[in-house]
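Asker: Shown below is the structure under consideration.
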Amino acid sequence: MQQLVIATHNLNKYGEICKILHPLQEHIALLFGGDLCEEHPSEDGVTFVKNACIKANFFLKVTRLPSLADDSGLTVNALNGEPGVYSSRYAGPLSTDKENNLKLLDNMKDIPENMRDAKFVCTAVLLLPNKQIYIADGELSGKIVKEPRGKAGFGYDPIFELPNGKTVAEISFEEKNRISHRYKAFKQIKKIIRVYF
């Protein structure tokens, strides 16, 4: 069976990506990057695409296998695009999802309802051993609520409200995977993987 590295140390993200790529794993072994290398790549890019490329290249060098990475985050217009590429470490290098959410809510406490629009952004990168690279983007628009709602999801899902009035943490995993920024980006990459493998 051919192998493809999912270039992340985040098990939640790995699980989401595997669901989106289904049923490819019937023919391709989707390897969790965290099982292959404990060291983390240095995500010092200033754009989502740069950080995704850094991760894909890191795991390609370690494993010599095709590597699939993404960089994703939340951008808020009223905060000039914050937290952006720093979404996972917004409250500090080792911050938890809860700490990141609380910092964002605190920074937005004086932002009126009509200026709380935001979007999740994802850039997916497939890097092949021959150095061919494929890039795809996806977005999900919504707004930031004033208090967390819902038990599902991770990251900023509990404070990101969709146009239907529910936060991402209030919808099912299956529904999220049909509309998410990550789904939109990886759906495009999935077509390329089918051709390559």
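For the sequence shown, the residue numbers in my numbering are 189 to 385.
We treat Cβ as the ideally placed atom computed from N, Cα and C, and that holds for glycine.
On a predicted model such as this, the values are computed, not experimentally measured, just so you know.
(1) Which runs of the beta strand (DSSP E), 3 residues or longer, sit entirely within the region 258-325?
(2) Using the three-state DSSP reduction, which class does alanine 217 fall into: helix, strand or coil?
(3) Excluding five sequence neighbours on each side, which residues of the same chain lie with their C-beta closer than 8 Å to the C-beta of glycine 222?
(4) Taking DSSP's pairing of strands, which residues face leucine 328 in a bridge?
(5) Can you tell me the Cβ-Cβ gap for leucine 262 and phenylalanine 348, rounded? I've got them flagged as a contact below 8 Å.
(6) Would you mind reading off the limits of the beta strand (DSSP E) that contains aspartate 205?
(7) Rounded to the nearest angstrom, how far is the Cβ of tyrosine 274 from that of leucine 292, given a contact under 8 Å?
(8) Does DSSP classify isoleucine 359 as helix, strand or coil?
(9) Note down, in chain order, each residue of its chain lying with its Cβ closer than 6 Å to the Cβ of proline 229, except the 5 sequence neighbours on either side.
(10) Using the Cα positions of valine 264 and leucine 256, report the straight-line distance between them to the nearest angstrom.
(11) Using a Cβ-Cβ cutoff of less than 8 Å, which residues in the same chain neighbour lysine 378 once the five nearest sequence positions on both sides are dropped?
(12) Pull up the CB-CB distance for serine 329 and lysine 307, whole angstroms please, since I reckon it's below 8 Å.
(13) Sorted by chain position, which residues of the same chain lie with C-beta nearer than 7 Å to glutamate 227's C-beta, five sequence neighbours on each side aside?
Answerer: On the basis of the coordinates in this document:
(1) Fully enclosed beta strand (DSSP E) runs of 3 or longer: 305-315.
(2) strand
(3) Thr196, His197, Asn198, Leu199, Tyr202
(4) Phe308
(5) 7 Å
(6) A small correction: the amino acid at residue 205 is isoleucine; aspartate does not occupy that position in the sequence shown. That residue, isoleucine 205, is in no beta strand (DSSP E); its alpha helix (DSSP H) goes 199-209.
(7) The Cβ separation is near 11 Å, so there is no contact.
(8) coil
(9) Ile242, Lys243, Phe246
(10) 27 Å
(11) Taken in chain order, the residues that qualify are Ile208, Leu209, Leu212.
(12) That belief holds up - the Cβ atoms of serine 329 and lysine 307 are roughly 5 Å apart, short of 8 Å.
(13) none
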